[in-house]
Each structure stands twice: as C-alpha cells, then as structure tokens.
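Its first residue numbered -6, the sequence shown is counted upward by one per residue in this note's numbering.
Note that beta-carbon positions come from the ideal geometry of N, C-alpha and C, so glycine has one too.
Bear in mind that the values here come from a model prediction, so they are computed numbers and not experimental data.
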Amino acid sequence: MNGLQSAVIVTRIMKDLCSREDAWKPVSGWAIELLVEKCIASCAMPLSPSAGLLRVFEAVSSGIFLNDGPGINDPCERVKTDASAGMTDQQREDVTSAGQKALRLMAYRKIHEILDIEEIKDMKATMKRPAPGEEERKGEDGKKEEPPTKIQRGT
C-alpha cells in the first residue's frame, strides 16, 4: 500500500474520530488533512494505515497543536498561518491529551476502542494454521488417519 492510500484511510479515521469524540471536535477537517499528510509524507518509507495512524497520534501527543508547539502551517497561505488558529488554549490541551490517550490505547492493543468497533476476540485462533507435519492425514479410504501412539522399531 502506498502512502497516498494510507493517508486517505487515516484521514477518514481521524475525521470520524473528530465527529464522534468531544475532545477532537474543535479540529477542522483541513487541519486533519494537513496533519495526516505531513505525518505520512515525512516518513522515508511507505506506511501501513495503522502505522500512519500511530504516527499521527504521536505528533498530536507531542504537542503539535499547543500554542508553543510547532503548529500546522497552511501551505495555501502566503504568510505563515497555523491551520488550527481557531482553537482555544483549552481545546488545544484537550486534543493533546486525547492524542496521548489514543497513543496509549494503540500501545496496549486497544485500537478497537479508538475506532469504536467490537474487539476481535482471538485473532490468533482465527488465523491459526497447522504447523508442518500437523496437517490431517487421510488414508486411502478418505478417513482421518491417526498418528501412531508408539514408535515401533524394526523387529
């Protein structure tokens, strides 16, 4: 998956998060698009959507939205303009705190709480394949062949 596809997916996830969570609501769609693009484009290699989302939460939790932070420069403006200029100090702190919480949830494998979906109970059990040699053996009659219980040595 290339960076553009990941950016589109991460942008959709972030916009959904902004519409659901009160702490994220003050962030404009334009600020989200710029943030996601900068986070994904600044990586030297293509990122998966989950790695891109993690990178966005890392940037937010580092204080990119705070007044004394680097901010998100709007490339469409001639003068240096922060794309999140309309946010109050409290909203900036709330977004930073929400980013830190989301980063912790991803670290503890709780991404389903961020995405507001049900947890996939046992991913290993659903994807488990038999190890080599463990495949079911079938005899000539098509029935399951039981492995020998004892090793028989030549007599």
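Asked: Three-state secondary structure assigned by DSSP to D75; Found: strand
Asked: Cβ separation of F50 and G92, assumed to be a contact under 8 Å, to the nearest whole Å; Found: 5 Å
Asked: Nearest to T89 (by Cα), restricted to the options W17, S(-1), R48; Found: W17
Asked: Contact under 8 Å by Cβ, L40 with S(-1); Found: yes
Asked: Beta carbon of V20 nearer than 8 Å to that of S77; Found: yes
Asked: Residues near E112 by beta carbon distance below 7 Å, same chain, minus five either side; Found: H105
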